[in-house]
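Position one of the sequence shown corresponds to residue 41 (the working numbering), numbered consecutively onward. Using N, Cα and C, we set each Cβ at its ideal position, and we do this for glycine too. What you are looking at is a predicted structure, and each value in this text was computed from that prediction instead of being measured. The block underneath contains the structure these notes are about, expressed in C-alpha cells.
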Amino acid sequence: MRKALFALQILLFFVAYSLYAQNASVILDKVLVNGKNHSNLDPSTFVFKTTDKIEVFYHLETEETQKVPFRFMVKMKYQDQEYNQANNTKSIVFQSLEESTYHVDISALDPNNKLNAIPLQFSFRVNNREVAMRNELRQSKEKIAELDSALSAASPGGVSQKTSTLLLYALSSILGIACVLMALKLLKSKRINKINKGTSTMSDLSSELIMLRQEVANLKKENAALRQQIDNLSFRSNELNKQNNELRDKTDKLSKFNSELTELQSQKDDLFAMVIHDIKNPAGLVKNLVELLNSYDLSATEQKEIMDDILVTTSKIVNLSQEVTKILALESSFINLNIGNYQLAEVAKDVVRRNAISAEKKQIEIIEEYKDMPDIPIDPQRVEEVIDNLISNAIKYSPKGSTVKVTVDKSGDYAQVIVKDNGLGLSQEDISRAFQKGVRLSAAPTANEHSSGFGLWIVKKLTEAHKGKIKISSALGKGSTFTAQFPLVRVEDPVEDNKE
C-alpha cells in the first residue's frame, strides 16, 4: 500500500512539473567552417578536417513570453573522453580536433528548474580523407556541369585551354567510374549464396562463372570504346589549342605593330612641331632683312652687314633641314651601315680640322691625343657624324678661352673617342635626359649658337648601330666628358628565322 502511494506521488509530481514547466527547445541556427557558412545543416553532412575552425550558433526557442534566466550547457563526447562547458553565449567554437566521431548535446538549464527545454543533439566526424573525397566528388560534379556548358557553347573557331582540360578530366572520371562499376559487378557476381552453402551444385557455379566472364568481356569492350573516345577528343583538343595559339601569336604581333605605328606617328608629330617652331624665327628674320634691303638707300657697308646676317640665318635653316633629314633617316629601326676597316684616329683628325675655325672664333684650343691602334670595322661617314656632334657641342657650350681635348685610345674590347670640355657641365637630371630626342638641356650655348636638341640623340643612334656604347661623365661647373666606344671586331646581328 505504501509503495503504491509513493508511486502515485511521484507520478503526480512529474505531471505537475510538466504542466508548470515551459515548452522550449534549443534550435540550431547555423554552422560556420573557417568563417564560411556550412552549405547544409543536415547533421549527416557534418564532416570536417583537423585544421578546420567550427563555430556552432544556436538559440533557445520558447512559447512563453515571461523570461526565465538560464544558461546553456554544452556536452561533447568522443572516444572515452567527455567535454562540458556552461556559458551564457549562443555559440561555441571547436578547433584543432583530432580525427574521431563527436557527439554534442546543448541543453538550456535554469537555477529554478522551470525550463523543460528539449536539448539540441547532433554528431559530427573529423576525418581529413573523407573531407578530401567529398571535395573531389563535388568538384567533379561542378566540372562536369561546366564541361556540359562549355561544350554546348564551343565553336569550330577554337576551344579554350580550360575547356580542353575539363574535357579530358571529365572523360577520365567517366573511365574511372566505369572501372568502379566493373569492380562492383565482379564483387556482386562473386557473391555465392552463403546461406545455402553446401547445397550449391557444380552446375550453378559453372553458370555463374560463364555470366561473370560475359560481364567482364562486355566491360572490357565498354572501356575500349571509352578510351577511343578519349583519344579522339584529346587529339581534337590539341588541334584546337594549336589553332588558338597561332591566332594568339598573330594577334599579339598585330597589336605590337599597331603600338609601334602609334608611337612613330606621335614622334613624327612632335618632330614636325619642333621643326616648324625652330624655322619660324629665322625665316621671319630673313623676311625682315630682305624688306630692309628694299626699303632704304643703304651704303655698301650696311648692305654687306645685312647680307651677312641673311647668310648666317639661312645657314641655320639649312643646318636644321639637314638635321631633320638625318632624323627621318634614323627613325627606322634598321640603319644601313657601309662597314669597312678604318683608323679611328684618322676619322677624328678630319673632324677636328673641320671644327678648327669655330674653335678659333671663340679662342678655344683643341688638344689632340691619338694612340696607335689597329683598323676597326666602322662606317666612317656615320662615325664622323658622331665625333662631329661631340666636338661641335663641346665648342658650343665651352666659354671663350677654354680648351677641348680629343683623345682616341683603346679600352678593353673597344676603341673609343673621348671629348672633354671645360664648360658649365650637366646636372644629374640633364644626364638622365641627354640622349632623348629633341630635348634641350639646362645649359645654353655660350655664344648664342643654334641648338636643335637632336645632336646627342643622333650620336646614340649611330653609336649603338655599330654595337657600341656612349657614356657621359659630368657635374655642374666642372665640364663634361663624352665617350663613344666602338667594338674592335665586327659584331653581327643575330639571324632570326621568319616563321609564317
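About 6 Å separates the beta carbons of V444 and I435, which is inside the 8 Å limit, making them a contact pair.
Collapsing the DSSP output to three states places N77 in a strand. Check the Cα spacing between V457 and each of Y410, K501 and W497: the tightest is with Y410. A Cβ-Cβ contact shorter than 8 Å links D453 with P527. For the stretch 397 to 470, the full-length beta strand (DSSP E) segments reaching 3 residues or more read 405 to 410, 416 to 418, 443 to 451 and 454 to 461 along the chain. With fewer than three CB-CB distances shorter than 8 Å, the stretch 69 to 80 does not count as touching the stretch 104 to 120. If you draw a straight line from the Cα of N168 to the Cα of F162, it comes to about 20 Å. Under the three-state reduction of DSSP output, I379 falls in the coil class, being neither helix nor strand.
Judged by DSSP in its simplified three-state form, P83 adopts helix. Relative to V166, the option among I94, N63 and K154 whose CA is nearest is I94. When the beta-carbon positions are compared, E425 and L496 stay at least 8 Å from each other.
Each of K260, A264 and K507 was checked against the Cα of L377, and the nearest Cα belongs to K507. Rounded to whole angstroms, the gap between the alpha carbons of S432 and Q305 is 30 Å. In terms of Cβ geometry, P159 and V66 form a close pair [threshold 8 Å].
Each of E504, N462 and D145 was checked against the Cα of N124, and the nearest Cα belongs to D145. Shown here, T503 sits in a helix according to DSSP, grouped into three states. A340 and D349 have their C-alpha atoms roughly 14 Å apart. Annotated three-state conformation of S514 is strand, per DSSP. Residue burial is scored here from C-beta neighbours: G519 has at least 16 other C-beta atoms within 10 angstroms and is therefore classed as buried. In the DSSP annotation of this structure, the continuous segment of the alpha helix (DSSP H) that includes E386 starts and ends at L384 to R394.
As the crow flies, the alpha-carbon of I406 is around 14 Å from that of T521. In the structure shown, A64 falls within a strand segment according to DSSP collapsed to helix, strand and coil. The beta-carbon distance between V446 and V459, rounded to whole angstroms, is 6 Å. This is short enough to meet the 8 Å contact definition. For F164, the enclosing beta strand (DSSP E) has its first and last residue at L160 to V166. Rounded to the nearest whole angstrom, the CA to CA distance from L430 to Q525 is 13 Å. A check of alpha carbon separations from F88 across N156, V171 and S131 identifies V171 as the nearest. Measuring C-alpha to C-alpha distances from G380 to each of L68, P83, F275 and I416 identifies I416 as the nearest. In the structure shown, S140 falls within a strand segment according to DSSP collapsed to helix, strand and coil. When beta bridges are read from the DSSP output, D145 appears opposite K115 and Q161.
Taking 8 Å as the cut-off, the Cβ atoms of V96 and S131 count as close.
Just measuring C-alpha positions, the residue of K76, S274 and A385 sitting nearest P414 is A385. For V531, no beta strand (DSSP E) encloses it, and the DSSP letter there is neither H nor E. The beta carbon of G463 is closer than 8 Å to those of A434, Y437, S438, P439, S442, A483, T486, G519 and S520 in its chain, skipping five residues each way along the sequence. For L249, the secondary structure class from DSSP, reduced to helix, strand or coil, is helix. For Q135, the enclosing beta strand (DSSP E) stretches over residues S131 to Q135.
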